[in-house]
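A.B. asks:
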Amino acid sequence: MSKKISQQHTQKNTHRYSINTSAKKVLNWKVFFEKSIWFIRNIIPMILFPVITFYLFEWYTHNPFETMKVRIQFLNIFFFELLLVLLFMLFGRLKVALIAETTFFMIYGLANFYVLSFRSAPIMPWDIYSIKTAASVSGDFSYALEKETVYVLLAFVLLIVLECITTWKISKHFKIRIGGFLISVCIFLGFVNMLHMDSTVTRFKLYDKLFTPSVMSKRDGTAIAFLMELEYLTIDKPAHYSTKKAEEMLASYSSKPTKEPDNMPNIIVIMNEAFSDPAILGDFETNEDYMPFVHSLMESETAETISGNLNVSVLGGNTANTEFEFLTGNTMAFLPQGSVAYQQYVHGELPTIVSHLRDYGYKTIAMHPYNSTGWERNTVYPDFGFEESFFIRDFNNPEKIRKYVSDLACYEKIIEEFHNKPENTPLFVFNVTMQNHSSYTEDFDNFTPDITVNNTNSKALNNYLSLMKISDEAIKKLICYFSEQDEDTIIVFFGDHQPTNSVISPIWKLNGKSSGTLSLEDETLRYKVPFFIWANYDIIEESNVETSPNFLGNKVLEAAGIPLSDFRNFLAELEENYPVISSIRVEDAFGNSYETKDVADALNEYAILQYHYLLDSK
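Residue numbers (the working numbering): 354 to 971.
#1: Verify whether the separation of the beta carbon atoms of residue 716 and residue 774 is less than 7 Å.
#2: Does DSSP classify residue 952 as helix, strand or coil?
#3: Between 961, 669, 930 and 758, which has its C-alpha nearest residue 857's C-alpha?
#4: Contact check, residue 618 vs residue 844 under 8 Å by CB: the rounded distance?
#5: Kindly indicate which three-state DSSP category residue 881 falls into: helix, strand or coil?
#6: Where do the ends of the beta strand (DSSP E) carrying residue 866 lie?
#7: Count the other C-beta atoms from every protein chain shown that fall within 10 angstroms of the C-beta of residue 675, then say buried if there are 16 or more, exposed otherwise.
#8: Bridge partners for residue 888 per DSSP, in chain order?
#9: With DSSP collapsed to three states, give me the class of residue 518.
#10: Where does residue 958 fall in DSSP's three states?
#11: Please classify residue 733 as buried or exposed, where buried requires at least 16 other C-beta atoms within 10 Å of its C-beta.
#12: Please confirm whether residue 906 and residue 682 have their CB atoms less than 7 Å apart.
#13: What would DSSP say about residue 339, mapped onto helix, strand or coil?
#14: Give the straight-line distance between the Cα atoms of residue 949 and residue 932, rounded to the nearest whole angstrom.
#15: Quick check: what's the CA-CA separation for residue 506 versus residue 637?
#16: Provide the residue span of the alpha helix (DSSP H) that contains residue 836, from first to last.
#17: Exposed or buried, which one is residue 593 when buried takes at least 16 other CB atoms within 10 Å?
#18: What is the residue span of the beta strand (DSSP E) that residue 622 lies within?
#19: Say yes only if the C-beta of residue 531 is nearer than 6 Å to one or more non-hydrogen atoms of the ligand GTP, and no if none qualify.
#20: Determine the burial state of residue 697: buried for a count of at least 16 other Cβ atoms within 10 Å of its Cβ, exposed for fewer.
#21: Quick one: Cα of residue 963 to Cα of residue 588, how far?
#22: Short check: CB of residue 788 to CB of residue 747, under 7 Å?
#23: Can you give me the start and stop residues for the alpha helix (DSSP H) that residue 898 sits inside?
#24: DSSP three-state label for residue 493, please.
#25: Taking DSSP's pairing of strands, which residues face residue 758 in a bridge?
#26: Measuring only the C-alpha atoms, how far is residue 629 from residue 728?
#27: I'd like the list of long-range same chain contacts for residue 509, defined as Cβ closer than 7 Å, with 5 residues on each side in sequence excluded.
#28: With contact counted as at least three CB pairs below 8 Å, one residue from each stretch, are the segment 890 to 898 and the segment 864 to 876 in contact?
#29: Counting Cβ pairs, one atom from each stretch, are 3 or more of them under 8 Å apart for the segment 815 to 835 and the segment 778 to 797?
#30: Who are the near neighbours of residue 526 in its chain, counting only those whose CB is closer than 8 Å to its CB and skipping five residues on each side?
#31: When burial is assigned at 16 or more other CB atoms within 10 Å of the CB, is residue 693 buried or exposed?
#32: From the DSSP output, in three-state form, read off residue 720 for me.
#33: Considering residue 542, what are the terminal residues of the alpha helix (DSSP H) in which it resides?
#34: Distance check for residue 665 and residue 849, CA to CA, integer angstroms please.
#35: Which stretch, first to last residue, makes up the alpha helix (DSSP H) that contains residue 628?
#36: On the DSSP letters alone, give me the boundaries of the beta strand (DSSP E) that residue 659 sits inside.
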């Protein structure tokens with residue numbers, strides 16, 4: 354009997370265990386299912402949706418898979434993930450953080466699409482300085498959407514809808530949120546700082562050329578490019594700076610002319626695109642002289658000519674920085690390497706050689722046979738004091754060499770404006786040419802190179818030197834024309850920079866050198882271009898002059914007999930001790946070279962005055 358009862362009890366326990374086990378299994382499956390659903394609704398969106406946001410953001414303007422290296426894509430994705438975590442800690446709700454991030458980049462991307470369409474350059478940090486101007490002209494543009502743009506917008510909207518399924522909240526865990534937020538901010542700032550390091554640019558092979566911001570945006574990602582550009586948004590005050598000190602310094606260099614200048618000649622300035630003499634870099638032989646006229650001016654003590662080497666701050670691009678230095682008397686030595694003054698630091702009227710000559714009654718004209726928006730010249734030139742500016746649209750069917758307006762066509766336009774100027778009014782023209790712009794490897798029906806370099810078959814070098822010959826012939830014609838005119842006229846001619854290494858490498862090879870084996874002296878030579886100041890009347894000639902663009906304006910005014918401004922009186926005194934100041938080096942009166950930081954104390958007054966004019970007085 355007892356055995357039977359025991360068996361029944363055992364059966365009941367077994368049954369009860371079976372029921373409990375089943376219940377536990379059901380419960381475990383329920384928990385697993387709920388956790389899986391939670392994971393799908395939260396963790397996967399947290400990881401995946403920022404990635405989608407990044408690619409959609411880029412797709413407004415380009416296909417990121419075609420333009421960006423994989424390692425750079427991951428760098429951008431890390432930024433988007435980091436930003437999401439920061440927003441999550443800030444708002445305490447994953448849904449809000451995801452929607453905030455996605456909505457921001459949806460709107461930002463669309464705005465960037467339009468900005469890129471209007472001016473061929475993406476949104477950049479310093480655009481904040483021109484936001485009022487942008488708002489005032491915004492009604493002049495068409496805002497039609499392209500089919501691809503509509504698809505991207507629809508994809509963004511769908512993504513925002515999907516983000517609404519997320520449920521993760523940490524809104525009540527204030528300590529976690531505050532700690533997480535602070536950690537996220539620190540990581541974010543560290544990430545931005547990392548992007549400004551040369552080692553990062555090298556490691557990830559980032560494109561850091563501000564000259565072409567649209568290319569930078571496509572190769573590095575729009576967000577990463579923007580973060581990299583933040584480095585150039587502000588500059589520190591010089592040591593011992595104050596507005597009062599700057600004004601007192603200027604007052605100490607004030608000198609009132611006792612009378613008007615006896616003569617005010619026409620002044621024509623030609624900044625010739627990529628014009629240089631590669632012979633300065635090493636020996637090579639050509640089938641004929643590629644710039645016989647310029648050589649004749651440079652190599653002999655020709656009457657009525659000042660000539661020598663202009664030590665510029667840029668190489669292969671960033672043309673606007675050379676003209677900034679020449680026109681303003683300021684130097685890129687005090688501005689971040691890679692920055693472009695026109696875009697970042699010119700936000701209103703500045704005292705320039707243009708405004709100075711305008712005050713003396715000159716008619717002031719800027720001329721550039723290309724797009725007016727390049728380097729924002731259309732807004733910078735009026736701020737500098739130019740009464741008129743002529744761009745590509747103002748040239749009537751001009752001659753072209755390759756795909757650019759020829760130097761000769763520019764000079765014909767100058768002659769036209771010379772004849773059209775009011776009687777007894779001196780003329781100041783600043784002409785930035787385009788004929789010699791890269792690249793130098795394409796073939797064109799309207800350009801046949803006739804210069805060849807012996808012992809090398811470099812197409813780029815042969816084409817470049819052939820373009821120099823055409824420029825040489827054109828400037829000769831301009832000078833010959835004004836040599837026959839009765840009105841006193843000065844012509845200033847210089848290059849903005851040397852061409853890229855692809856052109857120059859064959860010369861190094863012929864001389865047993867390469868870009869990786871250059872000495873400091875060799876590197877310095879890469880920043881020298883020829884210049885001359887010619888007049889059709891008597892001026893004190895000088896040859897083999899070493900100067901920099903910031904001082905060249907003074908030389909022009911002195912040759913013309915125009916009194917200097919307070920700031921330029923300061924420059925004249927500074928030049929006696931340091932005749933060359935560029936972003937690359939400083940050279941003293943004895944020919945010794947220094948880095949800017951090594952002579953910071955000696956140049957501090959210069960830095961103070963530049964900061965005053967460029968940043969403080971705005």
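The beta-carbon is built from N, C-alpha and C at its ideal position, and this holds for glycine as well.
C.D. replies: Straight from the coordinates:
#1: In this structure, residue 774 lies closer than 7 Å to residue 716 by Cβ.
#2: Correct three-state label for residue 952: helix.
#3: Of the listed residues, the one whose Cα sits closest to residue 857 is 669.
#4: About 10 Å separates the beta carbon of residue 618 from that of residue 844, a gap too long to meet the 8 Å contact definition.
#5: Strand at residue 881.
#6: No beta strand (DSSP E) contains residue 866, which DSSP labels as neither H nor E.
#7: By the 16-neighbour rule on beta-carbons within 10 angstroms, residue 675 is buried.
#8: In DSSP, residue 888 forms a bridge with 843.
#9: In the three-state reduction of the DSSP assignment, residue 518 falls in the coil class, being assigned neither a helical nor a strand state.
#10: Helix, per DSSP.
#11: The residue is buried, with at least 16 neighbouring Cβ atoms inside 10 Å.
#12: Judged by beta-carbon spacing, residue 682 lies within the 7 Å limit of residue 906, meaning their Cβ atoms are closer than that value.
#13: The structure shown does not extend to residue 339, since the chain is modelled only from 354 to 971, so the question has no answer here.
#14: Roughly 13 Å separates the two Cα atoms.
#15: Rounded to the nearest angstrom, the two C-alpha atoms are 57 Å apart.
#16: Counting along the chain, the alpha helix (DSSP H) containing residue 836 begins and ends at 812 to 836.
#17: A residue is called buried once 16 or more other Cβ atoms fall within 10 Å of its Cβ, and residue 593, having fewer, is exposed.
#18: For residue 622, the enclosing beta strand (DSSP E) has its first and last residue at 619 to 625.
#19: Within the structure as shown, the ligand GTP is missing, as the structure has no ligands at all.
#20: Buried.
#21: Taking the straight line from one Cα to the other gives about 12 Å.
#22: It is not a contact, given that the beta carbons lie outside the stated cut-off.
#23: Not the alpha helix (DSSP H): residue 898 falls in the beta strand (DSSP E), residues 895 to 900.
#24: Any reading at residue 493 needs caution, since the residue's pLDDT is 48, under 50, leaving its predicted position unreliable; the model's value is listed next. Correct three-state label for residue 493: helix.
#25: In the DSSP output, where bridge partners are listed per residue, residue 758 has 753.
#26: Each residue's Cα considered, the two are about 22 Å apart.
#27: Closer than 7 Å at Cβ, skipping near neighbours: 409, 455 and 459.
#28: Under the Cβ criterion (8 Å, minimum of three pairs), the segment 890 to 898 does not count as touching the segment 864 to 876.
#29: By the Cβ rule, the segment 815 to 835 counts as touching the segment 778 to 797, because three or more pairs are nearer than 8 Å.
#30: Counting only Cβ-Cβ distances below 8 Å, and skipping sequence neighbours, we find 445.
#31: So residue 693 ends up on the buried side.
#32: DSSP places residue 720 in strand when its eight states are reduced to three.
#33: Per DSSP, residue 542 is one residue of the alpha helix (DSSP H) stretching across 527 to 548.
#34: Cα atoms of residue 849 and residue 665: separation of roughly 7 Å, rounded to the nearest angstrom.
#35: Unbroken run through residue 628: none, as it is neither H nor E.
#36: DSSP places residue 659 in the uninterrupted beta strand (DSSP E) bounded by 658 to 664.
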